[in-house]
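Numbered per the numbering used here, the sequence shown spans residues 11 to 258.
The next block holds one structure in the form of structure tokens; read it before the comments.
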Amino acid sequence: MIVLDANSSKPLYEQIKEYILRQIQSGTYVHGERIPSERSLSETLNVNRLTVKKALDELVQAGHLSVQIGKGTYVSQPKFDLQLETLTSFTEEMTRRGQRPSSRVLSAGVLPVTLADARKLSIPPGEPVVMLVRLRLADDVPMAIERLQFVASHCPGILDGHDFSRESLYEVLLHEYGVQLIRAEQSIEARRATSEESRLLEIMPNDPILDMTRVTYSTSGQRVEYTRSAYCGSRYKFQAVLKYNPTH
Ligand code: 16G
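Here's what the structure looks like:
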């Protein structure tokens, strides 16, 4: 029996937050699992449902819980640490941490590059690029939506013989086309999810997104890939090692 102290100077919703955090810390509520519904918690704790809602909302805002629309409220998974210094593929990253990578191909085709994207890739406007839009998943949990363009002349016919819901693009490029990627320029910006992104990533509308762009170079020094990806802000944390530069 859990007793909340109605006479305490600490508001009831704060006591409920502490109670839920204790359940997470002790492992009673497990990462990635659904917690009891608002109704069930209000019955267990014998408090008004609105008070439970306020506590849950604040825990969601703080990132301890996350709402999956139509499913319920879940204990957040610990965030993924992504190293920013190494050029890796999604498949390599997930495999390294013992998770199963997969993708849902949302669209794939070869199209003439737009003027703006041609500049990013340093190619003439209209040159054919492979466009591949994928929802990337780790152990079946959606992590990111990647919209990539790859200069088609480096990988003729790549979309014909491959299933990119299972295969790694970087592996196919290396093993079949001999394209070794050597360096990338990457930037990260914060923004809110669009309604389409929130549906695909199974997050709340307006949840935070880390919008990443990557321009990747091959060993020949040419820009070959331009990718714009929407990473789920609640599931990622980026890390970099910084070195002191005495000339600055
Ligand atoms: C990473 C890359 C992406 C690349 C993909 C290839 C970003 C920030 N990074 O997600 O540019 O296309 O890996 O993955 O988007 P794959 O080899 O597993 O198909």
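Yeah, the Cβ is synthetic: ideal placement off N, Cα and C, and Gly gets one too.
Asked                                                                                                                          : Found
Does the segment 105–120 touch the segment 72–86, meaning 3 or more C-beta pairs lie closer than 8 Å?                          : no
Around the C-beta of L60, are 16 or more other C-beta atoms found within 10 angstroms, so that it is buried, or is it exposed? : exposed
Who does P152 pair with in a DSSP beta bridge?                                                                                 : L147
So if DSSP puts A200 in a beta bridge, which residue, or which two residues, is it bridged to?                                 : L220
Please name the residue, chosen from R146, L191, S197, that lies closest to F174 on a Cα-to-Cα basis.                          : R146
Can you give the Cα-Cα distance for V161 and D221, rounded to whole angstroms?                                                 : 22 Å
The beta strand (DSSP E) with A126 in it runs from where to where?                                                             : Premise fails: A126 lies in the alpha helix (DSSP H), 125–131, not in any beta strand (DSSP E).
Taking 8 Å as the threshold (C-beta atoms), are V143 and I168 in contact?                                                      : no
Would DSSP call S267 helix, strand or coil?                                                                                    : Here the chain has residues from 11 to 258 only, and residue 267 is not among them.
Could you tell me which residues DSSP puts in a beta bridge with P2?                                                           : A query on residue 2 cannot be resolved here, the shown segment of the chain reaching from 11 to 258 and no further.
Are three or more beta carbon pairs between the segment 112–129 and the segment 63–71 nearer than 8 Å?                         : no
Among the candidates E137, K130, R157, whose CA atom is the shortest distance from the CA of E195?                             : K130
Mind checking whether L92 and E102 have CB atoms under 8 Å apart?                                                              : no
Entirely within the segment 36–82 and at least 4 residues each: give me those alpha helix (DSSP H) ranges in chain order.      : 48–55, 59–71
When you compare each of E206, C165, Q87, V123 to V189 by their alpha carbons, which one comes out closest?                    : C165
Along the beta strand (DSSP E) that carries L211, what are the first and last residues, could you check?                       : Note, L211: premise wrong, no beta strand (DSSP E); alpha helix (DSSP H) at 205–211.
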